[in-house]
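Colleague:
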Amino acid sequence: MKKFIASVMFALSASLLVSGAAVASGDSVHLESANVDIHNTPSLQRGAKYFVNYCMGCHALSYSRYNRIATDLGLTEDQVIKNLIFTRNADGEPENAGALMKNAISQKDSAEWFGAPPPDLSLVGRSRGSDWIYSYMKAFYADPSRPMGVNNTVFPNVGMPHVLWELQGLQEKHCTKEGEGDHAVEHCELKLVKPGSMSAPEYDQVVRDLTNFLTYVGEPAKLHRIGYGVFVLLFLGLFAVFAYFLKKEYWKDVH
């Protein structure tokens, strides 16, 4: 028993050290608050639209099905087929609403073209978090030294192109140093040098909707889990009242 407790304590300590290191490694990156709300159905619908139009050419959501998203987002299967499904199955026929949300690009081709296959984004909302996704999509800037012509302050040397540049425009990174020698501190900021088709607030909303959708996809059950929890707590509260009066009735003759 002592050995079991010791092994459990060691595992917990190790996990805390790993999580602490992960937090420490992200201290140098400032993340903006995404302020997403997965219960905002119009936002989720817009996010799904942006994802299939701008992201799904390379990235898949292979743990999600179109009809599950249709149900959760208040869409009909016909709406999903007409507006969200652009891929075809092995027979060359359009995918049906019950299909997994896979893209058409092969892993082999994408690895050859981009150096590595684009990751599946089914769980990015859970692994990275909403704030990371939101900040990442706003942090692209022009960098001629990179293969795609852009870099990212949140994910340095990223191999992904800025697929939303037409909406946001192009940014440049400007840095200044304060202090001298070993005490010098570099401050960098991104400045918009070529406006896109949207204003800054409009683009922020696009990124927030996209982030909201990816957050929902990472854990679809969260939409209903909180509601279930409220009902369970109400039931336990009501049961506690009946249990208390039952206890009083049972023990009144004893006391």
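Those letters in the sequence shown? Residues -24 to -1, 1 to 231, by mature numbering (1 follows the signal peptide of the UniProt record, and there is no 0).
Ideal Cβ placement from N, Cα and C applies to all residues, glycine included.
Here the structure is a predicted model, which means the values were calculated and not measured.
1. First and last residue of the beta strand (DSSP E) that includes Lys223?
2. Report the three-state DSSP secondary structure of Arg41 (helix, strand or coil).
3. Rounding to the nearest angstrom, what Cα-Cα distance links Asp85 and Cys31 in this structure?
4. Using the Cα positions of Ala10 and Asn16, report the straight-line distance between them to the nearest angstrom.
5. Does the Cβ of Ile202 have 16 or more other Cβ atoms within 10 Å, making it buried, or fewer, making it exposed?
6. Cα separation between Gly194 and Ser173?
7. Among residues of its own chain, excluding the 5 on either side of Gly50, which ones have a beta-carbon nearer than 6 Å to its beta-carbon?
8. Does DSSP classify Thr129 as helix, strand or coil?
9. Which class does Thr63 belong to by DSSP, given the choice of helix, strand or coil?
10. Tell me which residues share the same chain as Asp48 and place their Cβ nearer than 8 Å to its Cβ, disregarding the 5 neighbours each side in the sequence.
11. Go ahead and pull the three-state DSSP assignment for Thr52.
12. Where do the ends of the beta strand (DSSP E) carrying Val139 lie?
13. Of all the options Phe62, Phe207, Leu222 and Met113, which has the alpha carbon lying nearest to the alpha carbon of Trp141?
14. Consult DSSP for Cys34 and reduce its assignment to one of helix, strand or coil.
15. Give every residue of the same chain whose Cβ lies closer than 6 Å to the Cβ of Val208, excluding the five residues on either side of it in the sequence, and list them in chain order.
16. From Pro137 to Val126, what does the alpha carbon distance come to, in whole angstroms?
17. Out of Leu143, Gly155, Ala216 and Leu210, which has the shortest C-alpha to C-alpha gap to Glu178?
18. Spell out the partners DSSP gives Pro70 in its beta bridges.
Modeller: Looking at the atomic coordinates:
1. Position 247 of the sequence shown, counted from the first residue, corresponds to residue 223. Here Lys223 belongs to no beta strand (DSSP E); instead the alpha helix (DSSP H) covers Lys198 to Trp227.
2. Residue 41 sits at position 65 when you count from the first residue of the sequence shown. DSSP places Arg41 in strand when its eight states are reduced to three.
3. Residue numbering aside, residue 85 sits at position 109 when the sequence shown is read from its first letter. Residue numbering aside, residue 31 sits at position 55 when the sequence shown is read from its first letter. Cα-Cα distance, rounded: 17 Å.
4. The sequence position of residue 10 within the sequence shown is 34, counting from 1. The sequence position of residue 16 within the sequence shown is 40, counting from 1. Cα to Cα, Ala10 sits roughly 14 Å from Asn16.
5. By 1-based counting over the sequence shown, the position of residue 202 is 226. It is exposed - the Cβ of Ile202 has fewer than 16 other Cβ atoms within 10 Å.
6. Position 218 of the sequence shown, counted from the start, is the residue given in the question as residue 194. Position 197 of the sequence shown, counted from the start, is the residue given in the question as residue 173. Distance between the alpha carbons of Gly194 and Ser173: 30 Å.
7. As a first step, residue 50 is located in the sequence shown; it is residue number 74 there, counting from the start. So the list reads Thr17, once near-sequence residues are dropped.
8. Taking the first residue of the sequence shown as position 1, residue 129 is located at position 153. Thr129 falls in the coil class under three-state DSSP.
9. Counting from one through the sequence shown, the residue named residue 63 turns up at place 87. The answer is coil: DSSP assigns Thr63 none of H, G, I, E or B.
10. For the purposes of this step, residue 48 is identified with residue 72 of the sequence shown, where counting begins at 1. If we look at Asp48 and ignore the five residues flanking it on each side, its Cβ neighbours are Leu20, Tyr192, Pro196 and Leu199.
11. As a position in the sequence shown, residue 52 is number 76, starting the count at 1. Coil at Thr52, not helix or strand.
12. Translated into positions along the sequence shown, residue 139 becomes position 163. Counting along the chain, Val139 falls outside any beta strand (DSSP E), and DSSP gives it neither H nor E.
13. The residue labelled residue 141 in the question sits at position 165 within the sequence shown. Trp141 has its Cα closest to that of Met113, out of Phe62, Phe207, Leu222 and Met113.
14. Working through the sequence shown from its first residue, we reach residue 34 at position 58. Here Cys34 sits in coil by DSSP.
15. Here residue 208 is taken as the residue at index 232 of the sequence shown, counted from 1. No residues qualify anywhere along the chain.
16. For this step, residue 137 is matched to residue 161 along the sequence shown. For this step, residue 126 is matched to residue 150 along the sequence shown. Whole-angstrom Cα-Cα distance: 7 Å.
17. Locating residue 178 in the sequence shown gives position 202, where the first residue counts as 1. For Glu178, the nearest C-alpha among the options comes from Leu143.
18. The count along the sequence shown starts at 1 and reaches residue 70 at position 94. DSSP output for Pro70 lists Arg64 as bridge partner(s).
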